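Protein chains in written order, with the numbering used here: chain E, 1198 to 1282; chain V, 3 to 256.
Structural data, given as structure tokens:
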């Protein structure tokens, strides 16, 4: 029953959960969506498919990091720098 | 290859939190409020870590002054790639009055003790907006300073710093050891991911007291009052040009 990719999937979930703590719409909003996204694919057993889904998760992590960076950068720019003409 | 880079990191109220002033006007509410690393300090850490990744420096040391929770901020710096941390423990009354002068004294003492060849700091913190710590640290050490850096290049024992100044950029070349303060466009700081934070728990954080460094943290600045910025007055709608002109005259604008 135990899938060799199980550990990796759990790690991905934990990493996403951690990132969700900073989500602009709130931790709860993020967690619900994260959980349902993982539950939707709970019956996937094909290792190749699981790998693809993990890759997608990694992509979402990259996107979230970029989102947080831009959000902070924009806030700092708005607060401390005059708008460019 | 030069030796050690000292990076100062400050724990501040998170940039996304709405700041509230205490009802007795003595300060802002910090209890139960999300804190994180000052965004400009993140840029400073990133720059130091990049220098290390380019093998231009040997070691990156992250320093923070504050209560026990300051260790979380140091941990974030370690997760971003700093090698070890120094927590200068300042708590209670001393922490409330801790200002740029006291912190720069601590940083100057540590830079000497650790034999650092470069000190990188954020240009200012988003809580007190002082923009003084880097300048004062450089003055106390009698080292050159490259403030508001938007580009830093090591050239032998010299440092080329492109500075953000009003209406443009200024390029200076300074001797090492030096103090550099990071501006917003210096780099894009990496995110301290969960696996890296876990790994950072293995890195060492030394605990020192200001007294051990021979620094007196008493402050000569007294905060009289902290007030919220004035609220924006409500606008009004006018029906005609005459009314508009009348209202403007009434308000003394024309």
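For every residue, glycine included, the Cβ atom is placed at its ideal position computed from N, Cα and C. Quick caveat: nothing in here was measured; it's all calculated off a predicted structure.
> Closest by CA to residue 33 of chain V, which one among V/39, V/21 and V/42?
Replying inline: Mapped onto the second chain, residue 33 of chain V falls at position 31. That would be V/21, whose Cα lies nearest to the Cα of residue 33 of chain V.
> Rounded to whole angstroms, how far is the Cβ of residue 84 of chain V from the Cβ of residue 121 of chain V, which I believe are closer than 8 Å?
Replying inline: Position 82 of the second chain holds residue 84 of chain V. Position 119 of the second chain holds residue 121 of chain V. About 13 Å; that fails the 8 Å criterion.
> Apart from the five residues on each side of it in sequence, which residues of its chain come closer than 8 Å, Cβ to Cβ, to residue 206 of chain V?
Replying inline: In the second chain, the residue the question calls residue 206 of chain V occupies position 204. Result list for residue 206 of chain V: 86 and 87, in chain order.
> In its own chain, which residues sit with a C-beta less than 6 Å from the C-beta of residue 331 of chain V, not counting the 5 before and 5 after it?
Replying inline: Because chain V spans 3 through 256 in this model, residue 331 of chain V falls outside it and cannot be assessed.
> chain E partners of residue 17 of chain V, CB-CB under 8 Å?
Replying inline: The residue you call residue 17 of chain V lines up with position 15 of the second chain. Here the neighbours are 1269, 1272 and 1273.
> List, in order along the chain, the chain E residues whose C-beta lies closer than 9 Å to that of residue 25 of chain V?
Replying inline: Stepping through the second chain from its first residue, residue 25 of chain V is reached at position 23. Chain E residues near residue 25 of chain V: none, gap ~25 Å exceeds 9 Å.
> With a CB to CB cut of under 8 Å and the five nearest residues on each side skipped, what residues in its chain are close to residue 201 of chain V?
Replying inline: Mapped onto the second chain, residue 201 of chain V falls at position 199. The answer, listed in chain order, is 81.
>> Measuring only the C-alpha atoms, how far is residue 28 of chain V from residue 213 of chain V?
In response: The residue you call residue 28 of chain V lines up with position 26 of the second chain. The residue you call residue 213 of chain V lines up with position 211 of the second chain. If you take the alpha carbons of residue 28 of chain V and residue 213 of chain V, they lie about 27 Å apart.
> Apart from the five residues on each side of it in sequence, which residues of its chain come closer than 7 Å, Cβ to Cβ, to residue 1241 of chain E?
Replying inline: On the first chain, residue 1241 of chain E is found 44 positions in, with the first residue counted as 1. 1247 and 1250, listed in sequence order.
> Should residue 150 of chain V be labelled buried (16 or more other beta-carbon atoms within 10 Å of its own) or exposed?
Replying inline: The count along the second chain starts at 1 and reaches residue 150 of chain V at position 148. Per the 10 Å Cβ criterion, buried.
> So residue 147 of chain V is in the beta strand (DSSP E); what residue range does that whole segment cover?
Replying inline: Translated into positions along the second chain, residue 147 of chain V becomes position 145. 147-157 is the span of the beta strand (DSSP E), which, as asked, contains residue 147 of chain V.
> Does the stretch 243-251 of chain V come close enough to the stretch 135-148 of chain V that 3 or more CB-CB pairs lie under 8 Å?
Replying inline: Not touching, per the Cβ criterion.
> Looking only at C-alpha atoms, which of V/155, V/109, V/68 and V/195 sits nearest to residue 136 of chain V?
Replying inline: Against the second chain, residue 136 of chain V aligns to sequence position 134. When C-alpha distances from residue 136 of chain V are compared across V/155, V/109, V/68 and V/195, the shortest belongs to V/109.
> Is it true that the CB of residue 161 of chain V sits closer than 7 Å to the CB of residue 176 of chain V?
Replying inline: Along the second chain, read from residue 1 onward, the residue named residue 176 of chain V stands at position 174. Along the second chain, read from residue 1 onward, the residue named residue 161 of chain V stands at position 159. In this structure, residue 161 of chain V lies closer than 7 Å to residue 176 of chain V by Cβ.
> Do you know offhand how far residue 134 of chain V's Cα is from residue 1238 of chain E's?
Replying inline: What you label residue 134 of chain V is simply residue 132 of the second chain in a count that begins at 1. What you label residue 1238 of chain E is simply residue 41 of the first chain in a count that begins at 1. Rounded to the nearest angstrom, the two C-alpha atoms are 53 Å apart.
> What does residue 80 of chain V touch in chain E if you count any residue whose Cβ is under 7 Å from its own?
Replying inline: Within the second chain, the letter at position 78 stands for residue 80 of chain V. Within 7 Å Cβ-Cβ: nothing; residue 80 of chain V doesn't reach chain E, min ~16 Å.
>> Spatial neighbours of residue 164 of chain V within its chain, please: C-beta separation below 6 Å, excluding the five flanking residues on both sides.
In response: For this step, residue 164 of chain V is matched to residue 162 along the second chain. Excluding five sequence positions before and after residue 164 of chain V, the CB atoms of its chain that fall closer than 6 Å to its own CB belong to 152, 153, 171 and 173, given in chain order.
> Excluding five sequence neighbours on each side, which residues of the same chain lie with their C-beta closer than 8 Å to the C-beta of residue 70 of chain V?
Replying inline: Along the second chain, one-based indexing puts residue 70 of chain V at 68. Setting aside the 5 residues that flank it on each side, residue 70 of chain V is surrounded in the same chain by 91 and 93, each with a C-beta closer than 8 Å to its C-beta; the list follows chain order.
> Given residue 142 of chain V, which residues of its chain have a CB within under 7 Å of its CB, disregarding the five upstream and five downstream residues?
Replying inline: Taking the first residue of the second chain as 1, we reach residue 142 of chain V at position 140. Same-chain partners within the cutoff: 106, 107 and 110.
>> Quick check: the Cα distance between residue 119 of chain V and residue 60 of chain V, rounded to an integer number of angstroms?
In response: Counting from 1 along the second chain, the entry for residue 119 of chain V is found at position 117. Counting from 1 along the second chain, the entry for residue 60 of chain V is found at position 58. Within the model, the alpha-carbon separation for residue 119 of chain V versus residue 60 of chain V is close to 10 Å.
> Would you report the Cα separation of residue 15 of chain V and residue 41 of chain V, rounded to the nearest angstrom?
Replying inline: Taking the first residue of the second chain as position 1, residue 15 of chain V is located at position 13. Taking the first residue of the second chain as position 1, residue 41 of chain V is located at position 39. The alpha-carbon atoms of residue 15 of chain V and residue 41 of chain V are separated by roughly 11 Å.
> Considering only C-alpha positions, which residue in the set V/30, V/186 and V/24 is nearest to residue 1266 of chain E?
Replying inline: The sequence position of residue 1266 of chain E within the first chain is 69, counting from 1. Cα-wise, what sits closest to residue 1266 of chain E is V/186.
> CB residue 19 of chain V to CB residue 35 of chain V, shorter than 7 Å?
Replying inline: Counting from one through the second chain, the residue named residue 19 of chain V turns up at place 17. Counting from one through the second chain, the residue named residue 35 of chain V turns up at place 33. Yes, these two residues count as a Cβ contact at 7 Å.
> Comparing the C-beta of residue 193 of chain V with each C-beta of chain E, is any distance below 7 Å?
Replying inline: Here the question's residue 193 of chain V lines up with position 191 in the second chain. In terms of beta-carbon proximity, residue 193 of chain V lines the interface with chain E, with at least one pair separated by less than 7 Å.
> Within 7 Å (strictly less), CB to CB, does residue 186 of chain V reach chain E?
Replying inline: Locating residue 186 of chain V in the second chain gives position 184, where the first residue counts as 1. Among the CB atoms of chain E, one or more fall inside 7 Å of the CB of residue 186 of chain V.
> Under 7 Å between C-beta atoms, does residue 8 of chain V make it to chain E?
Replying inline: Translated into the one-based positions of the second chain, residue 8 of chain V becomes position 6. Contact of residue 8 of chain V with chain E is not assigned, every C-beta pair being separated by 7 Å or more.
>> Quick check: what's the CA-CA separation for residue 103 of chain V versus residue 1203 of chain E?
In response: Along the second chain, one-based indexing puts residue 103 of chain V at 101. Along the first chain, one-based indexing puts residue 1203 of chain E at 6. Near 53 Å, if we compare the C-alpha coordinates of residue 1203 of chain E and residue 103 of chain V.
>> If contacts are defined as beta-carbon pairs under 8 Å, then residue 79 of chain V and residue 11 of chain V qualify, I think. What distance do you get, rounded to the angstrom?
In response: The count along the second chain starts at 1 and reaches residue 79 of chain V at position 77. The count along the second chain starts at 1 and reaches residue 11 of chain V at position 9. The beta carbons of residue 79 of chain V and residue 11 of chain V sit about 5 Å from each other, so the pair counts as a contact at 8 Å.
> Going along chain A in order, which residues have a C-beta closer than 7 Å to the C-beta of residue 41 of chain V?
Replying inline: You won't find chain A in this structure, because its protein chains are E and V.
> What are the boundary residues of the beta strand (DSSP E) that includes residue 208 of chain V?
Replying inline: Taking the second chain and counting its residues from 1, the one referred to as residue 208 of chain V is at position 206. Unbroken beta strand (DSSP E) run through residue 208 of chain V: 207-210.
> With respect to the beta strand (DSSP E) encompassing residue 183 of chain V, which residues constitute its N-terminal and C-terminal limits?
Replying inline: Numbered from its first residue, the second chain carries residue 183 of chain V at position 181. Unbroken beta strand (DSSP E) run through residue 183 of chain V: 180-184.
> alpha helix (DSSP H) containing residue 230 of chain V: first to last residue?
Replying inline: Sequence index remark: in the second chain, residue 230 of chain V carries index 228 (1-based). Where residue 230 of chain V is concerned, there is no enclosing alpha helix (DSSP H), because DSSP gives it neither an H nor an E.
> Closest Cβ-Cβ distance between residue 196 of chain V and chain E: below 7 Å?
Replying inline: Numbered from 1 along the second chain, position 194 holds the residue referred to as residue 196 of chain V. Yes, residue 196 of chain V counts as interfacial toward chain E.
> In whole angstroms, what separates the C-alpha of residue 26 of chain V from that of residue 1273 of chain E?
Replying inline: On the second chain, residue 26 of chain V is found 24 positions in, with the first residue counted as 1. On the first chain, residue 1273 of chain E is found 76 positions in, with the first residue counted as 1. Near 29 Å, if we compare the C-alpha coordinates of residue 1273 of chain E and residue 26 of chain V.
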